[in-house]
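Just below is one structure, and these are the notes that go with it.
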Amino acid sequence: MIPVVVLTGFLGAGKTTLLKRLLRDPGYADSAVIINEYGEVPLDHDLLASSEETFVSTSTGCLCCVVRSDLAATLMDLHRRRRLGEVPAYKRVLIETSGLADPAPILHALMTEQPVLETHRLEAVATLVDALHGAAALERHPEAQRQVRLADRILLTKPDLADTTALRATLATLNPGAELRDVLHGAVPADWLLAAAPRTDEWLDATARHSANLGSVIIEREAPIPAMALTLWLQGLAEHLGTKLLRLKGLVCIAEAPEAPAVLHGIGHVMHAPAWLEAWPSADHRSRIVLIGQGIPPYWPLRLLDAIEEEVRAASALPG
Numbered sequence: 000m001i002p003v004v005v006l007t008g009f010l011g012a013g014k015t016t017l018l019k020r021l022l023r024d025p026g027y028a029d030s031a032v033i034i035n036e037y038g039e040v041p042l043d044h045d046l047l048a049s050s051e052e053t054f055v056s057t058s059t060g061c062l063c064c065v066v067r068s069d070l071a072a073t074l075m076d077l078h079r080r081r082r083l084g085e086v087p088a089y090k091r092v093l094i095e096t097s098g099l100a101d102p103a104p105i106l107h108a109l110m111t112e113q114p115v116l117e118t119h120r121l122e123a124v125a126t127l128v129d130a131l132h133g134a135a136a137l138e139r140h141p142e143a144q145r146q147v148r149l150a151d152r153i154l155l156t157k158p159d160l161a162d163t164t165a166l167r168a169t170l171a172t173l174n175p176g177a178e179l180r181d182v183l184h185g186a187v188p189a190d191w192l193l194a195a196a197p198r199t200d201e202w203l204d205a206t207a208r209h210s211a212n213l214g215s216v217i218i219e220r221e222a223p224i225p226a227m228a229l230t231l232w233l234q235g236l237a238e239h240l241g242t243k244l245l246r247l248k249g250l251v252c253i254a255e256a257p258e259a260p261a262v263l264h265g266i267g268h269v270m271h272a273p274a275w276l277e278a279w280p281s282a283d284h285r286s287r288i289v290l291i292g293q294g295i296p297p298y299w300p301l302r303l304l305d306a307i308e309e310e311v312r313a314a315s316a317l318p319g
């Protein structure tokens, strides 16, 4: 499986500076970088703006390309060329999104396209926020807020040019589960940016502590949840909440296999198939699920789960 890191951030946040820096950094060698422009004018991507060739190799071993159609198709074409030896055997993919883009569709593609699922693994979402203009962007543009809310890591750029106290507080309110790090001139340690996202249990704990300010719904359950009830509940959330649900994560004790938790992950109306940990990360074996969104009725998800679980248990008790 090839790990994928998504780089996002509003216009002017410093994505181009970061990209140019990492393309020169040996720490990012053996990477493929996909620039997902979707109609934006190329912003000083020296390797690409003057080239008609889709794929361009760099001196450090990185491979850089522009999405000119469908992201999933580009990923799979790149993977095919890698398999055939037509491009360097990169070990990871970094996707830079458009500054005006909601990253959710990109995450949906990584989570739902079967050929992509079979060959790639979403490792983390990193969002850049400009210390000078980030607060204004977050206040005026919903896209900037969604970029922050969906992040596993937040990179605060140009922190030497402004007082960031208020902005840091805003970012912590929007997404307390994300790791926050200052970034000067696009210098980001490879071992941090390319690492897997924070553990689900850490994200759950950090988000729960800030639930009142987040528009979050937290569900904690002592008793194990039947697998069928969980499946139907996730389907119900996707169908009825849709774009109101920005992100969902959870550790769930499944009644049929309580010895290890299932990990839930959802973006918008798309729910990833549950993955299984080898063991519980702590002595706490409760099911813990956090939904982050806008306009989610606070008690509806839990009442829906209760109703579905009751129906499933009643059906399983029927004879024959």
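Taking numbering that gives the first Met the number 0, the leading residue of the sequence shown gets 0, the next gets one more, and so forth.
Heads up, the beta-carbon is just placed ideally off N, CA and C, and yes, glycines get one too.
The alpha-carbon separation between Glu310 and Leu303 amounts to approximately 11 Å. By the CB criterion at 9 Å, Val262 and Val251 fall inside the cutoff. Ser315: member of the alpha helix (DSSP H) spanning Trp299 to Ser315, first to last residue.
Closest by C-alpha distance to Ala125, out of Thr73, Asp181 and Thr169, is Asp181. A contact is defined here as three or more CB-CB pairs under 8 Å, and the segment 170 to 185 meets this definition with respect to the segment 140 to 158. With 16 or more neighbouring CB atoms inside 10 Å of its own CB, Gly249 falls in the buried class.
Non-local beta-carbon contacts of Val216 in its own chain, meaning distances under 7 Å to residues more than five positions away in sequence, involve Leu290, Ile295, Pro297 and Pro300 in chain order. From the listed residues Arg246, Trp275, Leu247 and Gly241, the smallest Cα separation to Glu255 is found for Trp275.
Taking C-beta separations shorter than 7 Å and ignoring five residues to either side along the sequence, the partners of Gly292 in its chain run Gly214, Leu240, Lys243, Leu244 and Leu245, following chain order. Within the same chain, and ignoring the five residues on either side of Met0 in sequence, the residues whose Cβ sits closer than 8 Å to its Cβ are Thr118, His119 and Arg120. In this structure, the straight-line span from the alpha carbon of Pro223 to that of Leu99 is close to 42 Å. Out of Val187, Ser97 and Ile153, the CA that lies nearest to the CA of Ala171 is found in Ile153.
Going by beta carbons, Glu112 and Pro2 fall outside the 9 Å limit. A distance below 8 Å between beta-carbons, with the five flanking residues on each side excluded, links Pro114 to the following residues of its chain, in chain order: Ala71 and Met75. The beta carbons of Pro104 and Val5 sit no closer together than 9 Å.
In the same chain as Lys90, and ignoring 5 residues on each side of it, the C-beta atoms closer than 6 Å to its own belong to Asp29, in chain order. Per DSSP, the beta-bridge partners of Arg91 are Ser30.
Burial is judged here by how many other beta carbons sit within 10 angstroms of a residue's own beta carbon; Asp190 has fewer than 16 and is exposed. Taken atom to atom, the span from the alpha-carbon of Asp24 to that of Glu95 is near 17 Å. Nearest neighbour of Ile218 by Cα position, chosen from Ala228, Ala237, Arg287 and Ser281, turns out to be Arg287.
The beta carbons of Leu247 and His264 sit closer together than 9 Å. Residue Ala31 holds the alpha-carbon nearest to the alpha-carbon of Arg81 among Val187, Ala31 and Ala314. Here Ala161 is near Ala130, since their CB atoms are less than 9 Å apart.
A Cβ-Cβ contact shorter than 9 Å links Ala278 with Glu258.
With contacts defined by Cβ atoms closer than 9 Å, Leu192 and Leu137 do not form a contacting pair. Around the beta carbon of Thr164, fewer than 16 other beta carbons lie within 10 angstroms, which makes this residue exposed.
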